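**Student:**
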Amino acid sequence: MFLGTHTPRLDDKGRLILPAKFRDELAGGVVVTKGQDRCLYVFPTPEFQRIAEQLRAQPMTHKAARAYSRVFFASAHDEVPDKQGRVTIPAHLRAYAGLDRDLVVIGASTRVEIWDRAAWETYLAESEDDFADIEEGVLPGGL
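Counting from 1, one number per residue, gives the positions in the sequence shown under UniProt numbering.
Set out below in structure tokens:
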């Protein structure tokens, strides 16, 4: 399970050093793809394969599943982190997420998310007020 918030930087070659606490689980390979809210999702390869199976199980006649699959798979980039725990974020994904140099990398349970630092701060400012109100709908019965 991926937890926590980290603030790495992109280097001049568009590489990100993965947070140390995530490296063991991601060492076998990752898939980076577009996420919602203009962030990037980073999945361990087995988790990406699980999601791919779920999407493949949807009928081709399901318009939303087709549309989501196209964007999800077409933007995906697979890679094995190097010995320093670095992965390259392709230019098209950096542009999609508005990544410059300062990043926020968060653990989001079964995936890692990569955000532009300013975008993350804006997202938090806009969503923290709603956090208490949405808990009951997200977790039936509450905590």
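Built from N, CA and C at the ideal position, the CB exists for glycine as well.
These numbers were taken from a predicted model, which means no experiment stands behind them.
Helix, strand or coil: how does DSSP classify I17 here?
**Tutor:** strand
**Student:** Among L103, D130, T88, S109, whose alpha-carbon lies nearest the alpha-carbon of W120?
**Tutor:** L103
**Student:** Can you tell me whether L3 is buried or exposed? The criterion is at least 16 other CB atoms within 10 Å of its CB, across all chains shown.
**Tutor:** Residue environment analysis places L3 among the exposed positions, since fewer than 16 neighbouring C-beta atoms fall within 10 angstroms of its C-beta.
**Student:** Just verifying my parser: in three-state terms, what is the DSSP assignment at S75?
**Tutor:** coil
**Student:** Taking just the CA atoms, how far does G14 sit from A74?
**Tutor:** The alpha-carbon of A74 is positioned some 20 Å away from that of G14.
**Student:** According to DSSP, H62 sits in a beta bridge with which residue or residues?
**Tutor:** Partner(s): none; H62 has no beta bridge.
**Student:** If you follow the alpha helix (DSSP H) that T45 is part of, which residue opens it and which one closes it?
**Tutor:** 45–56
**Student:** Any contact between the segment 109–127 and the segment 25–44? By contact I mean 3 or more CB pairs, one from each, below 8 Å.
**Tutor:** yes
**Student:** Helix, strand or coil: how does DSSP classify L10 here?
**Tutor:** strand
**Student:** In terms of residue numbering, what span does the beta strand (DSSP E) encompassing R111 cover?
**Tutor:** R111 -> beta strand (DSSP E) spans 111–116.
**Student:** Does residue 144 pass the burial test, meaning 16 or more other C-beta atoms within 10 Å, or should it be called exposed?
**Tutor:** The first residue shown for the chain is 1 and the last is 143, placing residue 144 beyond what the model contains.
**Student:** Exposed or buried, which one is V28 when buried takes at least 16 other CB atoms within 10 Å?
**Tutor:** This sequence places Gly at residue 28; Val is not what is there. It is exposed - the Cβ of G28 has fewer than 16 other Cβ atoms within 10 Å.
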